[in-house]
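Student: Quick one: this structure, given as structure tokens, is what I'll be asking you about.
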Amino acid sequence: MAKTRFVETHEELSVLAAEKIFSCIQQKPDAVVCLAGGDTPLRTFDIFIEKTKHHSVDLSKITFVGLDEWIGLDGFDKGSCRNTLDEYLFSPLNVKENQIIFFDGKAESTEGECNRIRNAINRLGGLDFILLGIGENGHLGFNEPDVPVDELVHIVTLDNITRESARKYFSSPVNVSKGITLGMKLILSTKEIVTIASGESKAPIVDQIINGPVTHKVPASLLNNLEIAEFIFDKTAASKNFV
Ligand code: F6R
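Under this note's numbering, the first residue of the sequence shown carries the number 267, and numbering increases by one thereafter.
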């Protein structure tokens, strides 16, 4: 069973999540780490950056793997997954390009891009740590409800909830209908998985994850079966179950 922690605030959630990433890289200075974009982890990144600077941690052997990207966008598009990670994590930490494995959502061949990322992760021996957020529909990365669970890396047609929520990341309208993402098979084979959710909009899906069945209709619920997975929910996200 996954572990579930309830905390009062987004700040507490961020401190805990940052500690998890920090402890992973302290134990394994050449860890392969995947950190979601989106809004929820941004404060986690700040705290993680502060900690690494405070302790003068050498990150030069860490590999950072991208979780997902909107098809049609790349790191030069403000609001893309890569752009968010660049701004909030890679640039402040001075991470070198050769330490980053990230999807190019503008690649000519999306299947080729899936293969490139799949092979790169395979060569590294898989992921040591992943930090995930949860979509309002229960998605992980861009693994939408009813996702096949046997994919390592794949292209997904985004559902309406995800397309709608995309608007919050971009200052002008973008037409995104597909995403490229690490698949559930790869995510679930990660050695340590931390999943965070914050905010009232997540309360209904968090309730389903806590009380509902384990089903690929709610991809995040699939983590429930894993010992090495931990959920951290703040009071707003877990308002129906806060203890
Ligand atoms: C982002 C990602 C998504 C988000 C999820 C929650 O790279 O993979 O699955 O983690 O949609 O997004 P926020 O944190 O913005 O609510």
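The beta carbon of each residue, even a glycine, is placed where N, CA and C say it ideally should be.
Check whether the Cβ atoms of valine 484 and glycine 404 sit closer than 7 Å, and answer yes or no.
Tutor: Taking 7 Å as the Cβ cut-off, valine 484 and glycine 404 qualify as a contacting pair.
Student: Based on the DSSP secondary-structure assignment, which residues constitute the bridge partners of histidine 321?
Tutor: The partner list for histidine 321 (beta bridge, DSSP) is empty, contrary to what the question assumes.
Student: Which runs of the alpha helix (DSSP H) spanning at least 4 residues fall entirely within the segment 323-400, listed in chain order?
Tutor: Taking only runs of at least 4 residues, the alpha helix (DSSP H) segments lying wholly in the segment 323-400 are 347-351 and 376-390.
Student: Under the three-state reduction of DSSP, which class applies to lysine 444: helix, strand or coil?
Tutor: The answer is strand: DSSP assigns lysine 444 an E or B state.
Student: Does the count of Cβ pairs from the segment 331-338 and the segment 429-447 closer than 8 Å reach three?
Tutor: Verdict: yes, contact present.
Student: Measure from the alpha carbon of leucine 371 to the alpha carbon of each residue in Thr275, Gly332, Ala302 and Glu466, then state which is nearest.
Tutor: Inspection of the sequence shows that residue 371 is occupied by glycine rather than by leucine. When only C-alpha atoms are compared, the closest one is Gly332.
Student: Check whether the Cβ of leucine 561 sits closer than 6 Å to any heavy atom of the ligand F6R, and report yes or no.
Tutor: Absent from the structure is residue 561, since the part of the chain shown begins at 267 and ends at 509.
Student: Comparing the CB of cysteine 380 with every heavy atom of the ligand F6R, is any distance shorter than 6 Å?
Tutor: Cysteine 380 Cβ: outside cutoff for every heavy atom of the ligand F6R.
Student: DSSP three-state label for threonine 310, please.
Tutor: In the structure shown, threonine 310 sits in a helix (DSSP, three-state: H, G or I).
Student: Is there at least one non-hydrogen atom of the ligand F6R closer than 6 Å to the beta-carbon of glycine 306?
Tutor: The residue you asked about is not glycine; residue 306 is threonine in the sequence shown. True, at least one ligand heavy atom lies under 6 Å from that Cβ.
Student: Rounded to whole angstroms, what is the Cα-Cα separation between threonine 329 and methionine 267?
Tutor: Roughly 28 Å between the two C-alpha positions.
Student: Tell me which residues share the same chain as glutamate 379 and place their Cβ nearer than 7 Å to its Cβ, disregarding the 5 neighbours each side in the sequence.
Tutor: Counting only Cβ-Cβ distances below 7 Å, and skipping sequence neighbours, we find Phe369, Asp370, Ala373 and Ile446.
Student: Quick check on glutamate 496: buried or exposed, where buried means 16 or more other Cβ atoms within 10 Å of its Cβ?
Tutor: Label assigned to glutamate 496: buried.
Student: Would DSSP call aspartate 416 helix, strand or coil?
Tutor: Coil at aspartate 416, not helix or strand.
Student: Between the alpha carbons of serine 455 and phenylalanine 342, how many angstroms are there, rounded?
Tutor: Using only the alpha carbons, I get a separation of about 31 Å.
Student: Just verifying my parser: in three-state terms, what is the DSSP assignment at alanine 504?
Tutor: Coil at alanine 504, not helix or strand.
Student: Measure the alpha-carbon distance for arginine 309 versus isoleucine 476 and round it to whole angstroms.
Tutor: The straight-line gap from Cα to Cα measures roughly 24 Å.
Student: Go to lysine 451, then tell me how far its alpha helix (DSSP H) extends in each direction, as first and last residue.
Tutor: Looking at the DSSP string, the run of the alpha helix (DSSP H) that includes lysine 451 is 450-454.
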